[in-house]
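Before any comments, here is the structure.
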Amino acid sequence: MPPLDTNVIIRFLTNDDSVLSPRAYALFSQLSAGGAAVSLTEAVLVECVQVLSSKNLYNQPRAQIARHLGTIIRLPGVKLLRKRRYLRALELYVAWPALSFVDALLAVYAEESPPPTVISFDEGFDRLPGLTRRAP
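The working numbering puts the last residue of the sequence shown at 492; the count rises by one with no breaks.
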């Protein structure tokens, strides 16, 4: 199953290219109907959040990014191991604006490995209930 690149997701979500966006839309229609399948990687999700949230590019609000990427993750034709992990990270990304998406992912990884602990100098983790930050 071929991996999906960030640029296809961005063209689909932003509809900012008169040639490529319709092609991306056609692919996502197939993914939605189960007529095609792609794999999605964590790296591509991270890059999508970074591109969509960039003040110099699309400057989209966190809630909108989470809603759109959550919809993509849930598509039948999108294969991603542990989809709930990434949906939870998007949830934390919206709920805790001081966290980057990568930090939200780290928090989810910590939640999955009790006791939930992150090794970091970043004091932003201290605000997350149930999570312990330990500085090295």
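Glycine included, C-beta positions come from ideal geometry on N, C-alpha and C.
In the three-state reduction of the DSSP assignment, residue 476 falls in the coil class. By alpha-carbon distance to residue 445, the top candidate from 435, 456 and 436 is 456. The C-alpha of residue 425 lies about 8 Å from the C-alpha of residue 401.
Taking C-beta separations shorter than 8 Å and ignoring five residues to either side along the sequence, the partners of residue 407 in its chain run 362, 366, 413 and 414, following chain order.
A residue is called buried when at least 16 other Cβ atoms come within 10 angstroms of its Cβ; residue 482 does not meet this threshold and is exposed.
One thing to note: residue 454 has its Cβ within 7 Å of the Cβ of residue 480. In this structure, the alpha-carbon of residue 475 lies about 27 Å from that of residue 410.
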